[in-house]
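Student: Can you read through this structure? Questions will come right after.
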């Protein structure tokens, strides 16, 4: 029983310490505000343009804890159902990023 409890505890602790890079392609400016205000995370913004359509899009990049990914994606979908989101888990982060115990 001890091993099972210990394993579950370690897995949960480790899960919330994994950083995930989210790259979000959106036309809705409120998405970046939501990430900054509701999740207290920084966001880097780039102006993008579709190669096929030539349509302008905002490219947002942020780092969140793996435990926050589904919540952030759910909030993005509420604001922009057409947003394209890439989640990249093999990321190394230094400087300015604060880990939080959830």
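In our numbering, the protein residues as written are -5 to 96. Where a beta carbon is used, it is the ideal one built from N, C-alpha and C, also for glycine.
Out of 56, 69, 72, which one is the CA nearest neighbour of residue 80?
Tutor: In the chain shown, the residue the question calls residue 80 occupies position 86. For the residues 56, 69, 72, the minimum Cα distance to residue 80 belongs to 56.
Student: Any idea what DSSP makes of residue 12, helix, strand or coil?
Tutor: In the chain shown, residue 12 corresponds to position 18, counting from 1. Per DSSP, reduced to three states, the secondary structure at residue 12 is coil, with no helix or strand assignment.
Student: Please report the residue range of the beta strand (DSSP E) in which residue 100 lies.
Tutor: This structure gives no information on residue 100, because the portion of the chain shown stretches from -5 to 96.
Student: Can you name the residues that DSSP bridges to residue 59?
Tutor: For the purposes of this step, residue 59 is taken as residue 65 along the chain shown, with counting starting at 1. Its beta-bridge partners are 13.
Student: Which one of -3, 49, 15 has the shortest CA to CA distance from residue 83?
Tutor: Counted from its first residue, the chain shown places residue 83 at position 89. Comparing Cα positions, the closest option is 15.
Student: Drop a sphere of 10 angstroms on the beta-carbon of residue 47, count the other beta-carbons inside from all chains shown, and report buried for 16 or more, exposed for fewer.
Tutor: Looking up residue 47 in the chain shown gives position 53. When all chains shown are included, residue 47 counts as exposed.
Student: Would you report the Cα separation of residue 36 and residue 76, rounded to the nearest angstrom?
Tutor: One-based indexing of the chain shown puts residue 36 at position 42. One-based indexing of the chain shown puts residue 76 at position 82. Roughly 22 Å separates the two Cα atoms.
Student: Leaving aside the five residues before and after residue 42 along the sequence, list all residues of the same chain whose C-beta is less than 6 Å from its C-beta, in chain order.
Tutor: In the chain shown, residue 42 corresponds to position 48, counting from 1. So the qualifying residues of the chain are 51, 53.
Student: So which of 59, 13, -3, 25 has the shortest CA-CA distance to residue 78?
Tutor: The count along the chain shown starts at 1 and reaches residue 78 at position 84. Residue 25 is the option with its Cα nearest to residue 78.
Student: Taking 8 Å as the threshold (beta carbon to beta carbon), is residue 66 in contact with chain B?
Tutor: The structure shown contains no chain B; it is built from a single protein chain.
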